[in-house]
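One structure is given below, encoded as structure tokens.
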Amino acid sequence: MTPPDRWVSMSIESLKALFRPELDELSAYRVPPAPPAVKLDANESPWPLPPEARARIAAVLHTSELHRYPDGRATKLRDALARGLGGSVNEYVLGAGSDELIALMATAMSRPRSGADHPVVVFPEPTFGMYGMTSRAHGWQPVGVPLDDDWDLDLGAMSATLERTKPNVVYYATPNNPTGNCFSRNKVENLVDAFPDSLHVIDEAYGPYSGESFATFAEERPHCALMGTLSKVGFAGIRVGWVRIHEALSHELEKVRQPFNLNTASQDIATLALTDLAPVLEEHITSIVTERERLATELERHEELQCFPSDANFLLVRVGGDVPELCAALLDREIAVRQFSSGDSRLRSCIRITIGTPQENQRLVEALRDILG
Ligand SMILES: Cc1ncc(COP(=O)(O)O)c(C=O)c1O
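Per the working numbering, numbering of the sequence shown is gapless, rising by one per residue and ending at 1321.
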């Protein structure tokens, strides 16, 4: 049934006026419609699971009690996380990807400092877009601090900003997306120690590709949390992420978590990923790191391409020529890479290439040879 026109114009307008004003400045996250054959634009793992691993998953799902609500405490999964990554079970808060945890923190930790209108979140820029977007959608004031010319933290600028804005939360993605590098450890540690009144969240989404972690450092500091995800190591499709945070704070975050946010299948598969299937993940990570170095060498053969050093599963590449033209030419050859039309102006001349399988990378190398000569 089609509603009468007068209802549409009246109610849509009056209802739209009820949406948060911040949404006027935001756009929905855009996912390209049909992925091309070679998908190197989303920092996923290119490796499908081998048949034996799939069989293990099928066996577990076969006995899952899908007619029941999931385990709201995700007991087995949190147990696997604590065993695998350290800490106590109660330090882990789980979400449908780290995206949900960013939203969870934005919901729970949103009391403005006394005298301020809005809670503040600080992050170095360019970085993962959801820190800014999600915080803004929750009424926070996001403050980005430009990275230096080596894409490292600008310690002076970060310190001055933290001093001035007194943020509730500070995010550091290390390795950082989209630049690919780890930040200097001593700079991160320096900031965390100098500003104990903020929650410093170290996002280690790409940590498995750098082999570095702040786990030991964070363990001794209740104002330092670690965020992780399975999305970058072969399980983007199940949407499982976690934040490891002091028990007193996880207790508060748990109050705003939807009780059944992680479905049964995701919990079961993630538990397997962290236990029985861990060797398969490790094998894939090793192959991606090897391919990263090989691909960087191949790309550097072209005068117009400059690869920035990467500790992640992707390469940020500066392009001498026209970026949209190059991306369109790659797409014509069924290869998707990421370009940046908004945000930090230094990225306009760059593309981000997720490391694929050796075959996919070879296809990219040949396509570039074809396009660039
Ligand atoms: C630094 C960083 N953190 C977190 C995420 C999101 O991870 P998830 O898939 O767990 O929501 C991404 C995704 O690109 C990312 O680049």
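Idealized CB from N, CA, C, for every residue including glycine.
All of these numbers come straight from a predicted model, not from anything done at the bench.
Measuring only from the beta carbon, is T1177 closer than 7 Å to any heavy atom that is part of ligand 1? Distances taken from the Cβ of T1177 to the heavy atoms of ligand 1 include one shorter than 7 Å.
Closer than 7 Å: F1076 CB and nearest ligand 1 heavy atom: In this structure, ligand 1 has a non-hydrogen atom nearer than 7 Å to the beta-carbon of F1076.
Of all the options D1151, R1317, D972, which has the alpha carbon lying nearest to the alpha carbon of L1274? For the residues D1151, R1317, D972, the minimum Cα distance to L1274 belongs to R1317.
For P984 and M1078, the rounded distance between their alpha carbons: So the two alpha carbons sit approximately 25 Å from each other.
Inter-residue spacing [alpha-carbon to alpha-carbon] between P1060 and M1053: If I take the Cα positions, the gap works out to 13 Å.
Whole runs of the alpha helix (DSSP H) within the region 1032 to 1102, excluding any shorter than 4 residues: Whole alpha helix (DSSP H) segments, 4+ residues: 1046 to 1056, 1078 to 1085.
At 3 residues or longer, and completely inside the region 1153 to 1191: list those beta strand (DSSP E) runs for me, N to C. You should have 1172 to 1177.
According to the neighbour-count rule (16 or more other Cβ atoms, all chains shown, within 10 Å of its Cβ), is S993 buried or exposed? Counting Cβ neighbours within 10 Å, S993 comes out buried, since at least 16 surround it.
Have a look at H1250, A1276, F1256 and flag the residue whose alpha-carbon is nearest the alpha-carbon of V1313. When each option's Cα is compared against that of V1313, the closest is H1250.
When you measure from the CB of A1153 to every non-hydrogen atom of ligand 2, does any distance come out below 7 Å? Among the ligands present in this structure, namely ligand 1, ligand 2 is not found.
Are the beta-carbon atoms of D1102 and P1094 separated by less than 8 Å? Yes.
The alpha helix (DSSP H) spanning A1276 covers which residue range? Counted as a single uninterrupted DSSP element, the alpha helix (DSSP H) harbouring A1276 occupies residues 1271 to 1280.
Helix, strand or coil for H1148? Go by DSSP, reduced to three states. Note: H1148 maps to strand in three-state DSSP.
What is the C-beta distance between H1171 and S1198, in whole angstroms, given that I count them as a contact (C-beta under 8 Å)? Going by Cβ atoms, the distance from H1171 to S1198 rounds to 13 Å, so no, they are not a contact pair.
Rounded to whole angstroms, what's the CA-CA distance from A1007 to G1063? Just pull it up for me. Each residue's alpha carbon lies about 56 Å from the other.
Residues of its chain near A1260, where Cβ-Cβ distance is below 6 Å and the 5 sequence neighbours each way are ignored: Take A1260, set aside five residues on each side of it, and the residues of its chain with a beta-carbon closer than 6 Å to its own are P1123, G1128, Y1154, Y1157, in chain order.
Assign V1070 to buried or exposed, taking buried as 16 or more other Cβ atoms, counted over all protein chains shown, within 10 Å of its Cβ. By the beta-carbon neighbour count (other beta carbons within 10 angstroms, threshold 16), V1070 is buried.
From S1214, P969, A990, pick the residue whose C-alpha is nearest to that of Y977; which is it? For Y977, the nearest C-alpha among the options comes from A990.
Just to check my reading of the structure: L1178 and A1218 have Cβ atoms closer than 8 Å, yes? What is that Cβ distance to the nearest angstrom? The pair is a contact, with the Cβ atoms about 6 Å apart (cut-off 8 Å).
Please name the residue in T1223, H1232, S1297, L1210 whose C-alpha comes closest to that of L1014. Taking L1014 as reference, the option from T1223, H1232, S1297, L1210 with the minimal CA-CA separation is L1210.
Put V1206 into one of helix, strand or coil per three-state DSSP. Here the sequence assigns Gln to residue 1206, which means Val is not the residue at that position. Coil, per DSSP.
In the DSSP assignment, find the unbroken beta strand (DSSP E) run with I1299 in it and report its ends. Segment 1298 to 1302, the beta strand (DSSP E) holding I1299.
Would you identify the three-state DSSP class for L1253, choosing helix, strand or coil? Secondary structure at L1253: strand, using DSSP grouped into helix, strand and coil.
Let me check understanding here. Comparing Cα to Cα, which of D1047, S962, D1019, N1038 lies closest to D1151? Taking only the C-alpha atoms, the option nearest D1151 is D1047.
So for K964, helix, strand or coil by DSSP? Assigned with DSSP and collapsed to three states, K964 falls in helix.
Whose C-beta lies closer than 6 Å to the C-beta of A1277 among residues of the same chain, with five residues either side of it excluded? I1319, listed in sequence order.
Should H1232 be labelled buried (16 or more other beta-carbon atoms within 10 Å of its own) or exposed? Taking a 10 Å sphere around the C-beta of H1232, we find 16 or more other C-beta atoms and assign the residue as buried.
Please determine if the region 1229 to 1245 and the region 1297 to 1307 are in contact, where contact requires at least 3 C-beta pairs separated by less than 8 Å. Counting C-beta pairs with one atom in each stretch, the region 1229 to 1245 and the region 1297 to 1307 have three or more that are closer than 8 Å, which means they touch.
Under 7 Å from any heavy atom of ligand 1, does the C-beta of S1161 make it? S1161 has its Cβ no nearer than 7 Å to any heavy atom of ligand 1.
Integer-rounded CB distance, given that A1085 should sit under 8 Å from L974: Sure, about 6 Å apart at Cβ, within 8 Å.
Among T1245, M1106, A1166, K964, which has the Cα closest to the Cα of G1034? When each option's Cα is compared against that of G1034, the closest is A1166.
Regarding A1121 and ligand 1, is the C-beta to nearest heavy atom distance less than 7 Å? Checking the Cβ of A1121 against ligand 1 gives yes.
With burial defined as no fewer than 16 other Cβ atoms inside 10 Å of the residue's Cβ, what is the status of D1216: buried or exposed? By the neighbour-count rule (16 or more Cβ atoms within 10 Å), D1216 is buried.
Could you give the distance in angstroms between the alpha-carbon of V1041 and the alpha-carbon of S1058? Between the alpha carbons of V1041 and S1058 lies a distance of about 18 Å.
G1087 to C1298, Cα distance in whole Å? So the alpha carbons of these two residues sit roughly 31 Å apart.
Just how far apart, CA to CA, sit G1159 and C1130? Using only the alpha carbons, I get a separation of about 10 Å.
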